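Notes follow once the structure below has been shown.
So, in structure tokens, the structure goes:
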């Protein structure tokens, strides 16, 4: 069994591009100046790269957390893109919506995990646990590291905030969220 298939790698590349696009302008490395407002650019490659650097690890490592824990329990697990979720995120970005909805993909573990409620809950918690860990690492580095550059501080700050939001959002015990699976177990 492969840890990551070539198709999953392709999905992750697509996901990085989409996340970079969606988060461009949300995570910016320098404040907008009057000059920037008077001379707007249609595309800021630097902002795209910075946004992808912040958002992609949070989402991809979250999904890999689910995948690798499921595999550790002996279940087959594959990452799947969710085209509707990607399209919705892109659409909301294109219309400059203040609302951001992210549901770019999921890990398919199959129904065999339903037989073990503990494993099911642990697999469900693995993704949010990764976000919590990334939050804590960022927070600790910001708290104790000296001589960080402004870019490093911004990167860590945005990483900290995004991962805490993802953790809290994913732990909502409703519908398709991980929190529903963690708190209530597999469907009957």
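Residue numbers (this note's numbering): 856 to 1043.
Note that the Cβ used here is the ideal one computed from N, Cα and C, for glycine as well.
This structure is a prediction, so every number in the text was calculated from the model and none was measured.
What's the call for residue 868, buried or exposed, on a 16-neighbour Cβ count within 10 Å? The Cβ neighbour count for residue 868, taken over all protein chains shown within 10 Å, is under 16; the residue is labelled exposed.
How is residue 924 classed by DSSP in three states: helix, strand or coil? Look at residue 924 here: in three-state DSSP terms it is helix.
Under 8 Å by Cβ, that's how I've got residue 969 and residue 1033 pegged, so tell me the actual separation to the nearest angstrom. 15 Å between Cβ atoms; not a contact.
Pick out whichever of 993, 1038, 1013, 863 has its Cα sitting closest to the Cα of residue 922. The shortest C-alpha separation from residue 922 is found at 863.
Apart from the five residues just before and just after residue 962, which ones in its own chain have a Cβ nearer than 6 Å to its Cβ? Answer for residue 962: 918, 921, 922, 932, 934, listed in chain order.
Identify the continuous alpha helix (DSSP H) that holds residue 1025 and give its terminal residues. Where residue 1025 is concerned, the enclosing alpha helix (DSSP H) stretches over 1005-1025.
Alpha-carbon spacing of residue 866 relative to residue 873, whole angstroms: Looking at the two C-alpha atoms, the distance is approximately 10 Å.
State yes or no: is the C-beta of residue 910 within less than 8 Å of the C-beta of residue 1017? By the CB criterion at 8 Å, residue 910 and residue 1017 fall inside the cutoff.
Please identify the residue among 946, 997, 1028 whose C-alpha is closest to the C-alpha of residue 1013. The option with the nearest alpha carbon to residue 1013 is 997.
By how many angstroms is the C-alpha of residue 957 removed from the C-alpha of residue 902? If I take the Cα positions, the gap works out to 19 Å.
Quick check: the Cα distance between residue 986 and residue 890, rounded to an integer number of angstroms? Between the C-alpha atoms of residue 986 and residue 890 there is a straight-line separation of about 37 Å.
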